[in-house]
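Participant:
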Amino acid sequence: MEEEEEKKGESASSDGARPWQSYHTVYTNAKAGMEGVDKEKVQRVVYEMSKGSKYFENEERKEAFIRQKIERMRARSAKLTAAELAHYQTVADKRILELEATRDLSKVWLHVDMDAFYAAVETLSDPSLKGRPMAVGGMSMISTANYEARRFGVRAAMPGFIARKLCPELVFVPVDFEKYTYYSGLTRKVFQRYDPNFIAASLDEAYLDITEVCKERGVSAGEVAEELRNTVFGETGLTCSAGVAANRLLAKIGGIGKVTEHILTDVFGISTCEEMLQKGGYLCSLFSRSSADFFLSVGLGIGGTDPPQMRLRKSISNERTFQATDNEALLYQKLDELAELLSSDMQKEGLHGRTLTLKLKTSSFEVRTRALTLQNYISSRDDIYKHASKLLKAELPISLRLIGLRVSQFKEDKVGAPSDPTQKTLLSFMSADASGNFIKGQSSLGSETSNTLSMNDLGDDISVETHEMIDSESENPLVQNDASDPTRSCTWIEFAGKTEGMHEHVNDSTMDKTDAFIEKSDPKSHQLENPNGRGQDSSLPHTSETSSCLNQKDNDHYLLQGETSSRHEEQVLWINDYECSLCGIELPSSFVEERQEHADFHLAERLQKEESGMDSRTLIAGKRYHSLAYLRLVSGRHRSRLKAKINTRSASHCLRTDIFR
DNA sequence: GGAGTAAGGGCTG
DNA sequence: AAAGCCAGCCCTTACTCC
């Protein structure tokens, strides 16, 4: 069926007789309990129920994008010369041998998957559901369908209204996570008896290393699997399936979904593991090393024999879908609710993060994310809301159907890593380079270094890959805090009136963004360069206060006290009371905070250059702190960097960090 | 030029 | 009328530092 679809999928309009065949969904893929389903009918119904909707239009856009990707890969594949291909085939063969050498047959893995878990739990609590087609979820989305419903083509991740069309007598039961968590706990108690370190992939899936059990009891893996299934049933009343293999990949081959399958079959004609190996040369030439390795491993059936790693949470998020709206008050209200929820979740786990990501889904199903990395760690609702609303503000006006918030880059003390290791690292860093480069070391404030840390404190010897944060709140007395909470934010750019048209580019290709901005900004920079231009007229009011303030920078007094930015603003002149004399950004006077941030940014830029000494050689003594004079003297290269920086929304307002460079 | 970092997008389960 | 939520990982691009 796939092959037939692929051919027709070339052009959505070419198959007018059966247009549904070019609408790719995952709803007809193989899934337990779906044997014998009339796939053609499902495909048609899904198409009929979908066509014309905004969701459908977005799917078509995505589909077109994938087709382009496939075309590009095909073109690259076709361009490969015989010599190149031979080379990459050698690379692939070598890699296959290397991977083969890592094959570990000493382990016995069991992949346990609860059958239609949510639906089965619901049937336990309401036996009248037994034997009737039933789905857990609602009209908009189904989480799980029981086997009776699957026979109609109803399945997880399918909208309820489509499911009901496929199966009019379908019974809907609302989701009840507490119930599923409880039953999941019961199953896990059983798993634990076979492997205390089993890996829970989700509420209803787990990987168990049963090597030891098999050895100790002298039983086969199949016997253990059978016994485990019976025990689970006995203790929960739920059934499960179990797959046995020498590694987790074989116990359950995952990682290749709709899109990847599409690409593999369409570009390379790969649909089996064997073909994956045969066409290894193509895979190695067109994919990254890690991707090619993954595909070759899948072809070889290698992977996932390593002991379970202690996984540290890397992010925490929430998102809510609602009736699409462009009502800004409503959107901010939703954002506030999410901030509160997220903050509460974070506090439950004692998490503090410094990267905040806002996720948006427009009413036309386009997904955007906007992120900012802060100098300080946050977890409070107010902080989350404050920064998130800046990100949202930059996108207005907009009609949304979903808002999400995510916090990542956590402070490490949560995992029980004592503060000492952080200190030690910083100190060892210092001692490793005691030649005054400590200042440089501090430029990595807030940056991550990967480190392997023995987690003895957690009561086991597992060596865990973790991230060590050298943060601004570390207890190192040499690292002082700035109370002004400078952020890496670009919210002010939205007021520039120069971003129109940028958002349209954002999702196409990142390359467009810089060009678009620089093009629009250049006239302004020319004005600055032109001694007769407007920039010249707007020389700075260089007050004695400002001067003395800035001249104190050498002893860090100025910065480390967390001076508010009201003084900095005097460095920037607002032409006609709205246009920045330095870069032309437009900011009405009512945007007090944004103006201060903007001024901070210019100050940081200037001081950064001062510290680096890169451009100071070109400065005229006595004029070092005159912004305009300074800006005229710095290289054009730097100006374009600055503009790019502004445009890529990573404009740094971080005084403290930058000054240490 | 390479490594590291950040941001944005996407795929997968 | 109506297409979820969450987390991890990968890729690409841009930029900075060495």
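Residue 693 in our numbering is what sits at position 631 of the first sequence, and the numbering runs on without skipping anything. For each residue, glycine too, the CB sits at the ideal point set by N, CA and C.
Report yes if the C-beta distance between ARG212 and MET96 is below 9 angstroms; otherwise report no.
Facilitator: It is a contact, given that the beta carbons lie within the stated cut-off.
Participant: Whose CA, out of ALA456, SER442, GLU428, lies closest to the CA of TYR37?
Facilitator: Residue 37 lies beyond the residue range present for the chain, which begins at 63 and ends at 723; the question has no answer from this structure.
Participant: By the DSSP assignment, the beta strand (DSSP E) with VAL469 in it spans what residues?
Facilitator: Taken as a continuous stretch (DSSP letters only), the beta strand (DSSP E) holding VAL469 covers 462-472.
Participant: Near LEU403, which residues of its chain fall below 6 angstroms by C-beta distance, leaving aside the five closest residues on each side in sequence?
Facilitator: Around LEU403: ASN380.
Participant: Can you tell which of SER442, LEU345, LEU420, ALA456 has the C-alpha that lies nearest to the C-alpha of GLY466?
Facilitator: Ranking the options by Cα distance to GLY466, first place goes to LEU420.
Participant: Only counting runs of 3 or more residues, tell me where the beta strand (DSSP E) segments fall wholly within the region 292-365, in order along the chain.
Facilitator: DSSP runs (the beta strand (DSSP E)) wholly in the region 292-365: 302-307.
Participant: Check this for me: beta carbons of PHE472 and LEU413, under 9 angstroms apart or not?
Facilitator: Taking 9 angstroms as the Cβ cut-off, PHE472 and LEU413 qualify as a contacting pair.
Participant: When you compare only the Cα positions, how much space is there between TYR209 and ALA144?
Facilitator: Approximately 51 angstroms, taken between the alpha carbons.
Participant: Give the secondary structure of VAL170 by DSSP, where H, G and I count as helix, E and B as strand, and everything else as coil.
Facilitator: The answer is coil: DSSP assigns VAL170 none of H, G, I, E or B.
Participant: Per DSSP, what are the beta-bridge partners of ASP271 in this structure?
Facilitator: According to DSSP, ASP271 bridges with TRP171.
Participant: Please classify LEU458 as buried or exposed, where buried requires at least 16 neighbouring CB atoms within 10 angstroms.
Facilitator: Its Cβ having fewer than 16 others within 10 Å, LEU458 is exposed.
Participant: Which two residues bound the contiguous alpha helix (DSSP H) that contains MET135?
Facilitator: That run of the alpha helix (DSSP H) goes 116-141.
Participant: Where does VAL286 sit, in a helix, a strand or coil, going by DSSP?
Facilitator: It is helical.
Participant: Measuring only the C-alpha atoms, how far is ASN292 from ALA126?
Facilitator: For ASN292 and ALA126, the distance between alpha carbons rounds to 48 angstroms.
Participant: Give the straight-line distance between the Cα atoms of PHE349 and THR152, rounded to the nearest whole angstrom.
Facilitator: About 15 angstroms.
Participant: Which ranges does the beta strand (DSSP E) cover as unbroken runs of at least 3 residues, wholly within the region 88-115, from first to last along the chain?
Facilitator: Within the region 88-115, no complete beta strand (DSSP E) run reaches 3 residues.
Participant: Look up SER441 in the DSSP assignment and say whether it is helix, strand or coil.
Facilitator: In the structure shown, SER441 sits in coil (DSSP, three-state: anything other than H, G, I, E or B).
Participant: Is it the case that the region 122-139 contacts the region 258-265, given that we only count it when at least three CB pairs across the two stretches are under 8 angstroms?
Facilitator: The region 258-265 vs the region 122-139: no contact.
Participant: Checking the sheet assignment: what are the DSSP bridge partners for PHE234?
Facilitator: Bridge partners of PHE234: ALA197.
Participant: Give me the DSSP bridge partner(s) of ASN208.
Facilitator: According to DSSP, which records beta bridges pairwise, ASN208 is partnered with nothing at all.
Participant: Taking the alpha-carbon positions, what's the HIS324 to GLN340 distance?
Facilitator: In a straight line, the C-alpha of HIS324 is about 18 angstroms away from that of GLN340.
Participant: Might you give, ordered along the chain, the residues of its own chain that have their beta carbon closer than 8 angstroms to the beta carbon of ARG157, omitting 5 neighbours on each side?
Facilitator: Counting only Cβ-Cβ distances below 8 angstroms, and skipping sequence neighbours, we find GLY342, CYS346, ALA354, ASP355, LEU358.
Participant: Give a yes or no on contact between the region 220-234 and the region 194-209, applying the rule of three or more CB pairs nearer than 8 angstroms.
Facilitator: With the cut-off at 8 angstroms, the region 220-234 and the region 194-209 touch.
Participant: Is it buried or exposed for ASP188, if we count other Cβ within 10 angstroms and need 16 for buried?
Facilitator: ASP188 comes out exposed.
Participant: Name the two residues that bound the continuous alpha helix (DSSP H) containing GLY222.
Facilitator: Element bounds for GLY222: 222-228.
Participant: What residue does the beta strand (DSSP E) around ARG157 start on, and which one ends it?
Facilitator: No beta strand (DSSP E) contains ARG157, which is instead part of the alpha helix (DSSP H) from 144-163.
Participant: Once DSSP output is grouped into helix, strand and coil, what is the label at ARG217?
Facilitator: Coil, per DSSP.
Participant: Leaving aside the five residues before and after TYR447 along the sequence, list all residues of the same chain whose C-beta is less than 6 angstroms from its C-beta, in chain order.
Facilitator: So the qualifying residues of the chain are ASP398, ALA401.
Participant: Which whole-angstrom value describes the C-beta separation of ASP100 and THR367, a residue pair presumed to lie in contact below a C-beta threshold of 8 angstroms?
Facilitator: Incorrect: roughly 40 angstroms between the Cβ atoms, too far for contact.
Participant: Whose C-beta lies closer than 6 angstroms to the C-beta of ASP616 among residues of the same chain, with five residues either side of it excluded?
Facilitator: With a pLDDT of 27 at ASP616, under the threshold of 50, the modelled position of that residue is not reliable, and the figure given next carries that caveat. None.
Participant: Could you check what DSSP says for LYS452 in three-state terms: helix, strand or coil?
Facilitator: In this structure, LYS452 counts as helix in the three-state DSSP scheme.
Participant: Spell out the partners DSSP gives THR367 in its beta bridges.
Facilitator: THR367 is not bridged to any residue.
Participant: Tell me the DSSP secondary structure of SER377 in three-state form.
Facilitator: Strand at SER377.
Participant: Looking at the unbroken beta strand (DSSP E) that takes in LYS423, where does it start and where does it end?
Facilitator: First-last of the beta strand (DSSP E) with LYS423: 415-424.
Participant: In angstroms, rounded to a whole number, what distance separates the CA positions of LYS93 and VAL104?
Facilitator: Computed Cα separation, rounded: 14 angstroms.
Participant: Does DSSP put ARG382 in a helix, a strand or coil?
Facilitator: Of the three classes helix, strand and coil, the one that applies to ARG382 here is strand, per DSSP.
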